[in-house]
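In what follows, a structure is listed as structure tokens, so that the remarks can point back to it.
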Amino acid sequence: MQTMRAFIMRLFPVVAVVAGIAVTTAARTDVPASVWGITVQDTTCEDMELRVAALNALLQMDAERAMPLLRQVLDRRDRCSARLRRKAVFVVAQQHSDETVDLLLRVARTDPESDVRRQAIFWLSQVSGEEAVAALDSILLQSEDRAVQERAIFALAQHESPRADGILRDFVERVAAPEELREKAIFWLGNRGSSEDQEYLRELYGRLESERLKEKIIFSASQSAAVGGTDWLLDLARNPNESAGLRKKAIFWAAQREEFMVAGLRAVYDDMAEPELKKQVIFALSQRHESEAVDELMQIARTESDPDLRRRAIFWLGQSKDPRVTDFLLEIINR
Numbered sequence: 004m005q006t007m008r009a010f011i012m013r014l015f016p017v018v019a020v021v022a023g024i025a026v027t028t029a030a031r032t033d034v035p036a037s038v039w040g041i042t043v044q045d046t047t048c049e050d051m052e053l054r055v056a057a058l059n060a061l062l063q064m065d066a067e068r069a070m071p072l073l074r075q076v077l078d079r080r081d082r083c084s085a086r087l088r089r090k091a092v093f094v095v096a097q098q099h100s101d102e103t104v105d106l107l108l109r110v111a112r113t114d115p116e117s118d119v120r121r122q123a124i125f126w127l128s129q130v131s132g133e134e135a136v137a138a139l140d141s142i143l144l145q146s147e148d149r150a151v152q153e154r155a156i157f158a159l160a161q162h163e164s165p166r167a168d169g170i171l172r173d174f175v176e177r178v179a180a181p182e183e184l185r186e187k188a189i190f191w192l193g194n195r196g197s198s199e200d201q202e203y204l205r206e207l208y209g210r211l212e213s214e215r216l217k218e219k220i221i222f223s224a225s226q227s228a229a230v231g232g233t234d235w236l237l238d239l240a241r242n243p244n245e246s247a248g249l250r251k252k253a254i255f256w257a258a259q260r261e262e263f264m265v266a267g268l269r270a271v272y273d274d275m276a277e278p279e280l281k282k283q284v285i286f287a288l289s290q291r292h293e294s295e296a297v298d299e300l301m302q303i304a305r306t307e308s309d310p311d312l313r314r315r316a317i318f319w320l321g322q323s324k325d326p327r328v329t330d331f332l333l334e335i336i337n338r
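Quick note: the sequence shown, position 180, residue 183 per our numbering, numbers continuous.
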């Protein structure tokens, strides 16, 4: 007992204040815990900075000594402990311990504060290994907290693991899952940066009925550096079986890609019959800075049979800083 007392006193007020552990001794049961400056489930918010400093001090300890104290902090439920629990989650994640994943998972499932739960999930994304991936999978499928599920999707996307990738793909295809969460899974799959994920999303597109999910795949394709993204978007723009809204989005996002070629967009324009879609192509051309885009707009203004489309091309030419536009507009005026 003397050893325990000496240990506590050496660390006090650092660790003892954080853990809020009561100390009683067999030899001196008449000595109240307050003599040691330690209280059980302390409800005062004083000395919070000291307590946070104490948690930081635990980073210097080995896991065998730190983890029991961290568990006590994470078990606290008094009104001032949420900040401490958030900090403790970070400290736990830095420990090289067999308990790390289990403790983070427990916090993610049971802590009363949503922010603390989300913190635990974030740090699970930084813990390597299939055990962490399995923990995130269980949270995604079992949690009833939408914010926690979103964080689990993000965390899975950070793991460079085929299993994590498969979990996200399976979730995207869960028709019973909330559409908003499926959108998040599509977004993070697209951001993983692999050509395999892009190929999967393009294939998935044809099997989806939800326009919202299709829109998310279109956006994902526009942000990816994977080869073939622009051609895939332009093919969608040409497809009469797709809705006008999706075709417009495909046009817009195709024009944002670095590998975009103006000639490809003009070819789409010529293939289309719908004026609304042609307007979208004109707008997309106006957003490009290549001289070829100005050439195409001038050509449309000269040769398009639809007066409204010609007027739109002229309007957007007026926004251009290309020096050739002044002479072109004068040519139109003097006809």
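We treat Cβ as the ideally placed atom computed from N, Cα and C, and that holds for glycine.
Between the region 103 to 110 and the region 145 to 157 there are fewer than three inter-stretch CB-CB distances shorter than 8 Å, so the stretches are not counted as touching. Judged by DSSP secondary structure, M70 falls within the alpha helix (DSSP H) whose first and last residues are 66 to 78. Taking a 10 Å sphere around the C-beta of Q98, we find 16 or more other C-beta atoms and assign the residue as buried. Within the same chain, and ignoring the five residues on either side of L73 in sequence, the residues whose Cβ sits closer than 7 Å to its Cβ are L61, A91, V94, V95. Excluding its 5 nearest sequence neighbours in each direction, D114 has C-beta neighbours in its own chain below 8 Å: L77, R88, R120, A123, listed in chain order. A direct Cα-to-Cα measurement between R241 and E295 gives close to 21 Å. Per DSSP, reduced to three states, the secondary structure at K282 is helical. Distance from the CA of V265 to the CA of F331, rounded to the nearest whole angstrom, comes to 20 Å. Residue state for A167 is assigned as helix, using DSSP reduced to three classes. Around the Cβ of D168, a 10 Å sphere holds 16 or more other Cβ atoms; the residue is buried.
Cβ-Cβ distances below 6 Å link A155 to I124, L139, I142, L143 in the same chain, with the five nearest sequence neighbours on each side left out; the list follows chain order.
Around the beta carbon of L53, a 10 Å sphere encloses fewer than 16 other beta carbons of the protein chains shown; the residue is thus reported as exposed. Comparing alpha-carbon positions, the option among S84, R86, C83, V104 lying closest to M70 turns out to be V104. Residue environment: D200 is assigned as buried (16 or more neighbouring CB atoms within 10 Å of its CB, all protein chains considered).
Residue burial annotation: V178 is exposed, with fewer than 16 other C-beta atoms found within 10 angstroms of its C-beta.
Within the region 176 to 214, the alpha helix (DSSP H) runs of at least 4 residues that lie entirely inside it are, in chain order, 182 to 194, 198 to 208.
Counting of Cβ neighbours within 10 angstroms places M51 among the exposed residues, the total staying below 16. Looking from the CA of L239, the closest CA among R79, A188, L268 belongs to L268. Per DSSP, reduced to three states, the secondary structure at D114 is coil, with no helix or strand assignment.
Within its own chain, the residues whose Cβ lies closer than 7 Å to the Cβ of K281, once the five positions on either side in sequence are excluded, are Y272, M275, L312, listed in chain order. By the criterion of a C-beta distance shorter than 6 Å, A304 is surrounded in its chain by R313, A316, I317, once the five residues flanking it on both sides are discounted. Here R149 carries a helix assignment [DSSP, helix/strand/coil]. Here the alpha carbon of Q283 sits roughly 43 Å from the alpha carbon of W126. In this structure R185 touches L216 by the C-beta definition: roughly 6 Å separates them, less than 8 Å. In the three-state reduction of the DSSP assignment, V130 falls in the coil class, being assigned neither a helical nor a strand state. A135 sits buried, since 16 or more C-beta atoms from the chains shown fall within 10 Å of its C-beta. In this structure, S225 sits away from W191, with a CB-CB distance that is not shorter than 7 Å. Looking at the backbone, the Cα of I170 and that of P278 are separated by about 42 Å. Counting C-beta atoms within 10 angstroms of its own C-beta, H292 has fewer than 16 neighbours from the protein chains shown and is therefore classed as exposed. Counting only the Cα atoms, V230 lies some 30 Å from E133. A direct Cα-to-Cα measurement between A253 and L236 gives close to 5 Å.
Here S128 is near Q161, since their CB atoms are less than 7 Å apart.
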